[in-house]
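First the structure, in the form of structure tokens, and then the observations on it.
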Amino acid sequence: MQKIIIAAAVMSLLPLTLASASPLAKIAPGAAQIDANVTVGTHLEGQKDGHSVDFDGDTRYRAGATVGIADNLGLDYTYAAHEGNENASVQSHQVNLVYQFNPYLYGFGGYVRNRAKLHGYHDNTSGYQVGAIGRLPITDKTTGWAKFGIGNTITQYEVGVGYAFTDNWEGNISYNDSKYKDFSGDIDAKTHGVNVGVSYKF
Numbered sequence: 099m100q101k102i103i104i105a106a107a108v109m110s111l112l113p114l115t116l117a118s119a120s121p122l123a124k125i126a127p128g129a130a131q132i133d134a135n136v137t138v139g140t141h142l143e144g145q146k147d148g149h150s151v152d153f154d155g156d157t158r159y160r161a162g163a164t165v166g167i168a169d170n171l172g173l174d175y176t177y178a179a180h181e182g183n184e185n186a187s188v189q190s191h192q193v194n195l196v197y198q199f200n201p202y203l204y205g206f207g208g209y210v211r212n213r214a215k216l217h218g219y220h221d222n223t224s225g226y227q228v229g230a231i232g233r234l235p236i237t238d239k240t241t242g243w244a245k246f247g248i249g250n251t252i253t254q255y256e257v258g259v260g261y262a263f264t265d266n267w268e269g270n271i272s273y274n275d276s277k278y279k280d281f282s283g284d285i286d287a288k289t290h291g292v293n294v295g296v297s298y299k300f
């Protein structure tokens, strides 16, 4: 019951925050993690035919969750939102299967759906991505990680570090760079920013 209450409390933060976090140390049935982060210093850029338009960026959010469904196999969901000037925005939903090869290396692959908006323009793209995550314990409480993903509608990388305040709560800071590709009119959107947030691990 306590876990349900805590999960509900963390989920209530998601509309206010944005999620990038160190991966689960051990993916197994019953293991789970919820992430919520604010993106600060975010930047949004539109690209077409080799030309770029800078829309700056507003503080937005990323949110996510990972659930173990078998030994070394998990299901991961990530939502990312980016906004800039002139009502420009990009959102991304990502659902991936994650496989843990060892304590330091994970592979993932799955479905991506992106949405771009600017004034009267809006478009959705759907596709796939595959990638890898590296996890490196630095101290008993500090963990570094790096992530890279590539697909037909997205390319992204991320580096970060997490600090475990307790066995369940972790604070995170990370840098993420993402390119959302192949919107109608041969338009791409590129974002980057620093994410600060928390994770709750069951």
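Numbered by our numbering, the letters in the sequence shown go through residues 99 to 300 in order. For each residue, glycine too, the CB sits at the ideal point set by N, CA and C.
Under 8 Å by Cβ, that's how I've got residue i and residue j pegged, so tell me the actual separation to the nearest angstrom.
| i | j | result |
| --- | --- | --- |
| F206 | V196 | 5 Å |
| Y278 | E256 | That belief does not hold up - the Cβ atoms of Y278 and E256 are roughly 15 Å apart, past 8 Å. |
| A126 | D169 | 6 Å |
| N185 | H217 | 6 Å |
| H180 | R158 | 6 Å |
| T251 | D280 | 5 Å |
| Q131 | K299 | 5 Å |
Please tell me whether residue i and residue j are closer than 8 Å, where the distance is taken between their beta carbons.
| i | j | result |
| --- | --- | --- |
| R211 | S224 | yes |
| G291 | A134 | no |
| G242 | V259 | yes |
| T264 | S276 | no |
| A382 | S297 | Residue 382 lies beyond the range of the chain shown here (99 to 300); nothing can be said about it. |
| Y219 | G249 | no |
| N293 | T137 | yes |
Residues in the same chain with beta-carbon distance under 6 Å from residue i, minus the five sequence neighbours each way, listed in chain order, please.
| i | result |
| --- | --- |
| I231 | P121, Y204 and K245 |
| L234 | G242 |
| A262 | K239 and E268 |
Select from the options the residue whose C-alpha is nearest the C-alpha of residue i.
| i | options | result |
| --- | --- | --- |
| G229 | N293, Q131, Y209 and D221 | Y209 |
| Q254 | D284, T176 and Y219 | T176 |
| Q189 | Y226, K215, F199 and I271 | K215 |
| K124 | N200, I236, D221 and A161 | N200 |
| N222 | N270, A287, F153 and G182 | A287 |
| L187 | N270, I236 and G144 | Contrary to the premise, residue 187 reads as Ser rather than Leu in this sequence. That would be G144, whose Cα lies nearest to the Cα of S187. |
| L171 | Y202, Q198 and V151 | Q198 |
Please report whether the beta-carbon of residue i lies at a distance below 8 Å from any beta-carbon of chain C.
| i | result |
| --- | --- |
| G208 | Reference to chain C is not applicable here, since this structure consists of a single protein chain. |
Might you give, ordered along the chain, the residues of its own chain that have their beta carbon closer than 7 Å to the beta carbon of residue i, omitting 5 neighbours on each side?
| i | result |
| --- | --- |
| I167 | P127 and L173 |
Excluding the five sequence neighbours on either side, which residues of its own chain have a C-beta within less than 8 Å of the C-beta of residue i, listed in chain order?
| i | result |
| --- | --- |
| S110 | Note that S110 has pLDDT 37, beneath the 50 cutoff, so the model's placement of it is unreliable and no number is given. |
| N266 | I104, Y298, K299 and F300 |
| S282 | D221 |
Quiz item: At what residue ranges does the region 197–250 contain a whole run of the beta strand (DSSP E), taking only runs of 3 or more?
Solution: The region 197–250 contains these whole beta strand (DSSP E) runs: 203–216, 219–235 and 240–249.
Practice problem: Any chance you could list the beta strand (DSSP E) runs of at least 3 consecutive residues sitting entirely within the region 133–171, in chain order? | Solution: Counting only runs of 3 or more, we get 149–152 and 158–168.
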